[in-house]
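> These protein sequence lines are chains A and B, in that order.
Here the first sequence stands for residues 62 to 177, where the numbers follow this note's numbering.
Here the second sequence stands for residues 45 to 159, where the numbers follow this note's numbering.
C-beta: ideal position from N, C-alpha, C; glycine also.
Keep in mind that this is a model prediction, so the values were computed, not measured.
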Amino acid sequence: AAGVIQSPRHLIKEKRETATLKCYPIPRHDTVYWYQQGPGQDPQFLISFYEKMQSDKGSIPDRFSAQQFSDYHSELNMSSLELGDSALYFCASSYRATERGSYEQYFGPGTRLTVT
Amino acid sequence: AQSVTQLDSQVPVFEEAPVELRCNYSSSVSVYLFWYVQYPNQGLQLLLKYLSGSTLVKGINGFEAEFNKSQTSFHLRKPSVHISDTAEYFCAVSTAPNTGNQFYFGTGTSLTVIP
Numbered sequence: 062a063a064g065v066i067q068s069p070r071h072l073i074k075e076k077r078e079t080a081t082l083k084c085y086p087i088p089r090h091d092t093v094y095w096y097q098q099g100p101g102q103d104p105q106f107l108i109s110f111y112e113k114m115q116s117d118k119g120s121i122p123d124r125f126s127a128q129q130f131s132d133y134h135s136e137l138n139m140s141s142l143e144l145g146d147s148a149l150y151f152c153a154s155s156y157r158a159t160e161r162g163s164y165e166q167y168f169g170p171g172t173r174l175t176v177t
Numbered sequence: 045a046q047s048v049t050q051l052d053s054q055v056p057v058f059e060e061a062p063v064e065l066r067c068n069y070s071s072s073v074s075v076y077l078f079w080y081v082q083y084p085n086q087g088l089q090l091l092l093k094y095l096s097g098s099t100l101v102k103g104i105n106g107f108e109a110e111f112n113k114s115q116t117s118f119h120l121r122k123p124s125v126h127i128s129d130t131a132e133y134f135c136a137v138s139t140a141p142n143t144g145n146q147f148y149f150g151t152g153t154s155l156t157v158i159p
């Protein structure tokens, strides 16, 4: 079965540079979530999109922005990178439906960002 | 607001022994509960979920969990662990069907299976 695709899988940037992470949800999924997992920490919710509109916002820094496109893929743009931004960034997707059984989030493999 | 507490950060257990990973949550509204497993350098894989109905939930790889509303717990259990179960385990809650449906994760439990 198709899974969530994230690219790139690994990214190395220097301080103050910009990075763009991409997420391709499972086909027919309409909701995308971004999470940040620091070393040895639990995933922290950043932001989510439903039908191309921002639906919820978590601990996303102002230096970061994201959007969901017409084909439902999403991009996380990170500017003025700091050393503390080094983390594993997960994208997850789900299909939002009225039935309660449809809220499972499917996670991608993550993009490991290293800021030097 | 919702929060998740995983009481044990590290759990060593011998191969073929039973294991229980504890998870407690806090929420003022109804929640959905999930357990995810993360193998080294990999993403999060869903083990099992509780949405409604029977409080005993069975998942993949022989894992099961029991939802206890009065104790606000969702402990994960396996009667006999294998070496391949060595991984990081995360408990998560969400409060869908409201908008957003963000997950709140616990800090994780590192399960190490000893041969």
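State buried or exposed for GLU60 (chain B), treating a residue as buried only when at least 16 other CB atoms are found within 10 Å of its CB.
Counted from its first residue, the second sequence places residue 60 (chain B) at position 16. Around the beta carbon of GLU60 (chain B), a 10 Å sphere encloses fewer than 16 other beta carbons of the protein chains shown; the residue is thus reported as exposed.
> Taking only beta-carbon atoms, is GLY103 (chain B) less than 7 angstroms away from chain A?
Sequence index remark: in the second sequence, residue 103 (chain B) carries index 59 (1-based). Cβ-Cβ to chain A under 7 angstroms: no for GLY103 (chain B).
> Less than 7 angstroms between CB atoms is the rule here; does PRO122 (chain A) satisfy it with respect to chain B?
Counting from one through the first sequence, the residue named residue 122 (chain A) turns up at place 61. Closer than 7 angstroms: no.
> Can you tell which of A:PRO122, A:VAL65, A:TYR133 has the C-alpha that lies nearest to the C-alpha of GLY145 (chain A)?
Start at 1 with the first residue of the first sequence, and residue 145 (chain A) comes out as number 84. Closest option to GLY145 (chain A), Cα to Cα, is A:PRO122.
> Specify the secondary structure class of GLU59 (chain B) as computed by DSSP and reduced to three states.
To locate residue 59 (chain B), count along the second sequence from 1; it is residue 15. Assigned with DSSP and collapsed to three states, GLU59 (chain B) falls in coil, not helix or strand.
> With respect to the beta strand (DSSP E) encompassing GLN115 (chain A), which residues constitute its N-terminal and C-terminal limits?
Counted from its first residue, the first sequence places residue 115 (chain A) at position 54. That run of the beta strand (DSSP E) goes 114-118.
> Relative to the C-alpha of SER117 (chain B), which residue among B:PRO56, B:ALA45, B:GLN54, B:SER71 is closest?
Here residue 117 (chain B) refers to the residue found at position 73 of the second sequence. By alpha-carbon distance to SER117 (chain B), the top candidate from B:PRO56, B:ALA45, B:GLN54, B:SER71 is B:SER71.
> From TRP79 (chain B) to THR175 (chain A), what distance separates their C-alpha atoms?
For the purposes of this step, residue 79 (chain B) is identified with residue 35 of the second sequence, where counting begins at 1. For the purposes of this step, residue 175 (chain A) is identified with residue 114 of the first sequence, where counting begins at 1. Spanning the two alpha carbons is a distance of roughly 28 angstroms.
> Alpha carbon to alpha carbon, how far is ARG66 (chain B) from ALA136 (chain B)? Give it in angstroms, no decimals.
Along the second sequence, read from residue 1 onward, the residue named residue 136 (chain B) stands at position 92. Along the second sequence, read from residue 1 onward, the residue named residue 66 (chain B) stands at position 22. Taking the straight line from one Cα to the other gives about 12 angstroms.
> Under 7 angstroms, Cβ to Cβ, is there at least one residue of chain B near ASP117 (chain A)?
Locating residue 117 (chain A) in the first sequence gives position 56, where the first residue counts as 1. ASP117 (chain A) counts as touching chain B.
> Compare the Cα-Cα distances from GLY22 (chain B) to each of B:PRO62, B:GLN46, B:SER53 and report the closest residue.
Since the first residue shown for chain B is 45 and the last is 159, residue 22 (chain B) is missing from the structure and cannot be characterised.
> Pick from A:GLY101, A:PHE168, A:CYS152, A:SER141: whose alpha carbon is nearest that of THR177 (chain A)?
The residue given as residue 177 (chain A) occupies position 116 in the first sequence. It is A:SER141.
> Are any of the Cβ atoms in chain A nearer than 7 angstroms to that of THR143 (chain B)?
Walking along the second sequence from the start, residue 143 (chain B) turns up at place 99. Residue placement at THR143 (chain B) cannot be trusted, given a pLDDT of 46 that sits under 50; the coordinates are not used to answer.
> Are the C-beta atoms of PHE107 (chain B) and some chain E residue less than 7 angstroms apart?
Judged by its chain identifiers, the structure shown contains no chain E, and its protein chains are A and B.
> Mind pulling the beta strand (DSSP E) runs of 3 or more residues that sit fully within the stretch 56-108 of chain B?
63-65, 68-70, 76-82, 88-94, 100-102
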